[in-house]
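Contents: one structure, followed by commentary.
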Amino acid sequence: MRAEAGDGGAFMAGGIDIVNRMKFGEPITEMIYLGGLTELGAISDTGGGLRLGSLVTHHQIETCALVRARFPELAQTWHDVANIRIRCKGTIGGNIMAADPNYDFALAAMAAEAHLDFLGQDGAVRSVSAMALGGLSAYGLLTGITLPSAARLRLAFDRSLRPAITLALGLDVEDGKVIGGRVAIGCAFPAPVSLCLPISEPLSSREAVERAAILARDHAASLPEPMTNQHASARYRRQMIEVLLRRNLATLGERIT
Amino acid sequence: MTADIDITVTINRRTYRLNVPPNRIFADLLREDLLLTGCKIGCDQAVCGACTVLVDGLPVTACTTFAFELDGTAVTTIEGLSEEGMLHPIQRTFLEHSAFQCGFCTPGMILSVKALLEHYSDPDETTIRQWLDANICRCTGYQMIIEAVRAAAKAVAE
Numbered sequence: 001m002r003a004e005a006g007d008g009g010a011f012m013a014g015g016i017d018i019v020n021r022m023k024f025g026e027p028i029t030e031m032i033y034l035g036g037l038t039e040l041g042a043i044s045d046t047g048g049g050l051r052l053g054s055l056v057t058h059h060q061i062e063t064c065a066l067v068r069a070r071f072p073e074l075a076q077t078w079h080d081v082a083n084i085r086i087r088c089k090g091t092i093g094g095n096i097m098a099a100d101p102n103y104d105f106a107l108a109a110m111a112a113e114a115h116l117d118f119l120g121q122d123g124a125v126r127s128v129s130a131m132a133l134g135g136l137s138a139y140g141l142l143t144g145i146t147l148p149s150a151a152r153l154r155l156a157f158d159r160s161l162r163p164a165i166t167l168a169l170g171l172d173v174e175d176g177k178v179i180g181g182r183v184a185i186g187c188a189f190p191a192p193v194s195l196c197l198p199i200s201e202p203l204s205s206r207e208a209v210e211r212a213a214i215l216a217r218d219h220a221a222s223l224p225e226p227m228t229n230q231h232a233s234a235r236y237r238r239q240m241i242e243v244l245l246r247r248n249l250a251t252l253g254e255r256i257t
Numbered sequence: 001m002t003a004d005i006d007i008t009v010t011i012n013r014r015t016y017r018l019n020v021p022p023n024r025i026f027a028d029l030l031r032e033d034l035l036l037t038g039c040k041i042g043c044d045q046a047v048c049g050a051c052t053v054l055v056d057g058l059p060v061t062a063c064t065t066f067a068f069e070l071d072g073t074a075v076t077t078i079e080g081l082s083e084e085g086m087l088h089p090i091q092r093t094f095l096e097h098s099a100f101q102c103g104f105c106t107p108g109m110i111l112s113v114k115a116l117l118e119h120y121s122d123p124d125e126t127t128i129r130q131w132l133d134a135n136i137c138r139c140t141g142y143q144m145i146i147e148a149v150r151a152a153a154k155a156v157a158e
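Residue numbers (our numbering), protein chains in the order written: chain A, 1 to 257; chain B, 1 to 158.
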């Protein structure tokens, strides 16, 4: 159906984004409504991690007991995303596929190094790393997002400087040491941007805290040029990305046991 | 766009069978076709809350919802809140606490409060403020609204 719809075709999940895009003149001529696909609205246990159907709403992320137990930072953050009406209707799949730098779930997926499952036009399912976000519509219909095991993942979200910057941080922890990490930045670039943290050897909690400033400085310097717009200048954004990253690295680092 | 779509939707306890264009916005359908003008259009972008209606009990922005999405659902607008000529307790407490001035935001505000009280029977002020943080009022300054909601929680519980 999507192929037949051509360039003017679009999948519609919760619909909030697509309705606004149409109001602003985007020439959408065919909508493929996904609302009836209830199986895409399920949250299931993958044995440590979670599989989130692409039609899971923000409200489900906020309230689902399984999400709260596995990823409390995610549930807690999603309590503050948008407003209750949008959280009840908007879906995480639509949020990702909109590729809007001001939307939040792509950042969560990137920081967690989630995998996105796409149903292609040939009927095959492809699993793509969220870190490869960009041009995702070419893969087909997003059906689900798999978050890795909560046992080794620590997440932090910082939305305190919206709409200038949002930041999501994911650290991989093994045997009480940080072995890797990712930072995803929203609001600051034309599309969400993510980079792996340059962690070459496992860091203890104390080392992670001590190296937070260096990691944050190096990371901020390696980013492409942020946008300058009515919310903030590029220079301010780059500086504050460093500040937010340093703070969140230190805070998450302290919690590692 | 494809052909018009047949939908069946219950609005304020009355069932409608409608034939709607796929791009018909629900707020427009309510206001222009069904003359339920209590659904206000403010920002037209799901931000201000003036167009809030309840769909199966959950607050939804009618300005960013296509009419066809409502097929098979039960919708409550402000016109459907009172029963047998009696104001709903939330409407009554809004009146008693002068929780509105121009009234433009009030239908959306009251419906959001109805959904709030179904989730939290005795919400504290933080919960009330968080729930209503995207129902924008430019007249009252919110304090009287908060007081009305607290009184409504008691009235609904009785």
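The beta carbon of each residue, even a glycine, is placed where N, CA and C say it ideally should be.
Closer than 9 Å at the beta carbon, the chain A residues around residue i
i, result
"LEU58/B", "HIS59, ILE84, ARG85, CYS88, LYS89"
"ALA134/B", "ALA82, ASN83, ILE84, ARG85, ILE86"
Contact set between residue i and chain A, taken where Cβ atoms lie within less than 8 Å
i, result
"LEU49/B", "Here residue 49/B is Gly; the residue named in the question, Leu, does not match the sequence. ASN83, ARG85, listed in chain order."
"ASP44/B", "LYS23"
"THR61/B", "ILE16, ARG85, ILE86, LYS89"
Within chain B, the residues that residue i reaches when beta carbons sit closer than 7 Å
i, result
"GLY35/A", "GLU69"
C-beta contact flag for residue i and residue j at 7 Å
i, j, result
"ARG85/A", "ALA75/A", "no"
"ILE128/B", "VAL156/B", "no"
"ILE90/B", "ALA152/B", "yes"
"GLY38/B", "THR77/B", "yes"
"ALA212/A", "ALA250/A", "yes"
"MET110/A", "MET131/A", "yes"
"ALA168/A", "ALA99/A", "no"
"ALA10/A", "ILE28/A", "yes"
"ASP33/B", "CYS63/B", "no"
"PHE118/A", "LEU142/A", "yes"
"LEU244/A", "ASP158/A", "yes"
"CYS105/B", "ALA50/B", "yes"
"ASN83/A", "ALA156/A", "no"
"GLY258/A", "ALA220/A", "Any question about residue 258/A goes unanswered here, given that chain A covers just 1 to 257."
"VAL81/A", "ASP104/A", "yes"
"VAL20/B", "PHE94/B", "no"
"LEU132/B", "SER112/B", "yes"
"PRO226/A", "ARG217/A", "no"
"GLY186/A", "LEU66/A", "no"
"GLY123/A", "ARG51/A", "no"
"GLU30/A", "GLY53/A", "no"
"GLY42/B", "CYS48/B", "yes"
"THR65/B", "PHE26/B", "yes"
Contacts that residue i makes with chain B (C-beta to C-beta distance below 9 Å)
i, result
"ASN102/A", "Ordered by position in chain B, no residue passes the 9 Å Cβ test against ASN102/A, which lies about 13 Å from the chain."
"GLY15/A", "THR64, THR65, PHE66, GLU69"
Neighbourhood of residue i by C-beta, 7 Å cutoff - its chain only, sequence neighbours within 5 removed
i, result
"ALA150/A", "GLY48, GLY49, ARG70, PHE71"
"VAL55/B", "LEU70, THR73, VAL75"
"GLN60/A", "ILE43"
"VAL56/A", "GLY41, ILE43, THR91, ILE92"
"THR228/A", "ALA234"
"LEU29/B", "VAL20, ALA67"
"LEU37/A", "LEU55"
"MET22/A", "ILE28"
"THR140/B", "ALA99, PHE100, GLN101"
Proximal chain A residues relative to residue i, where beta-carbon distance stays under 7 Å
i, result
"THR52/B", "ARG85"
"PRO22/B", "MET31"
Cβ neighbours of residue i in the same chain (closer than 6 Å, five flanking residues each side left out)
i, result
"HIS231/A", "PRO163, ALA164"
"PRO107/B", "GLY38, ILE78"
"ALA99/B", "MET144, ILE145, ALA148"
"ILE256/A", "VAL173, SER205"
"THR77/A", "PHE157"
"LEU18/B", "ILE7"
"MET109/B", "ASN135"
Per-residue contacts from residue i into chain B (C-beta, under 8 Å)
i, result
"ASN20/A", "GLN45, ALA46, THR64"
Own chain, CB closer than 8 Å to residue i, minus 5 neighbours either side, in chain order
i, result
"PRO224/A", "PHE189, VAL193"
"GLU125/B", "ILE146, ARG150"
"TYR236/A", "ALA164"
"ARG126/A", "ASP117, PHE118, GLY120, TYR139, GLY140"
"GLU174/A", "ARG152, PRO202"
"GLU118/B", "GLY57"
"MET240/A", "LEU161, ALA164, ILE165, ALA232"
Does the segment 11–21 of chain A come close enough to the segment 75–93 of chain A to have 3 or more Cβ pairs within less than 8 Å?
-> yes
Alpha helix (DSSP H) runs wholly inside the segment 78–161 of chain A, at least 4 long, in chain order = 84–89, 92–97, 105–112
Contiguous beta strand (DSSP E) assignments of at least 3 residues, all confined to the segment 171–196 of chain A = 177–186, 193–196
Three or more C-beta pairs below 8 Å linking the segment 209–223 of chain A and the segment 1–20 of chain B | no
Is it a yes or a no for the segment 135–144 of chain B touching the segment 71–88 of chain B, going by three-plus beta-carbon pairs under 8 Å?
-> no
Indicate whether the contact test is met: 3 or more Cβ pairs, each with one atom in the segment 171–182 of chain A and one in the segment 193–201 of chain A, closer than 8 Å.
-> yes
Taking the runs of the beta strand (DSSP E) that are 3 residues or longer, which of them lie wholly in the segment 46–107 of chain B?
-> 52–55, 58–61, 74–76
Identify every run of the beta strand (DSSP E) within the segment 10–80 of chain A, keeping only runs that are complete inside it and at least 3 residues long; order them along the chain.
-> 30–33, 43–45, 50–53
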